[in-house]
Amino acid sequence: MSRIRKSAAMRKNKKTDDAVELIDRWFSDLPGWSQMVTEEELKGRIGQLAYDLREEAGLTHEELAVKVSVGPEVIRSLEEADYDTAPFEVLLRICRVLRKNIQINCSGEGAGASCDIFLLSA
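Numbering-wise, the working numbering puts 87 at position 91 of the sequence shown, and it's gapless, one number per residue.
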């Protein structure tokens, strides 16, 4: 479970300088907060995996973009988790051209929702 989802009762009275925890304290009661946090965590995982795959292949953003038929800004945005489009399509195209296998596991709803992405060994 992410560090954002610690027990609300335990942390409300504790002093902290952890920015993530403070933000969660302030906004966790807002409707849709947990879902938004889950989505942002997933975007971060997707971006990190895309970056790791590109670096492992020794490719620049431009070289990988040509291989997957997208612009280099799409690769950059994916790696920086700064996009509003469907990231899975681009990630799957990256995996296909680099001959890598991934597994995506999603479960739960609301605050209990989670998604994990695993790079499978060949």
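Idealized CB from N, CA, C, for every residue including glycine.
Q31 has its alpha-carbon roughly 9 Å from the corresponding atom of S110.
Partner residues in the beta bridge of F114, as assigned by DSSP, are Q99. Between the region 74 to 87 and the region 37 to 47, the count of Cβ pairs shorter than 8 Å is three or higher; the stretches touch.
If you ignore the 5 residues before and after L94, its C-beta comes within less than 6 Å of the C-beta of L49 and A53, all in its own chain and listed in chain order. In the three-state reduction of the DSSP assignment, L88 falls in the helix class, which pools H, G and I. Taking 8 Å as the cut-off, the Cβ atoms of V64 and I100 do not count as close. For C102, the CB contacts under 6 Å within the same chain, skipping 5 residues up- and downstream, are C111 in chain order.
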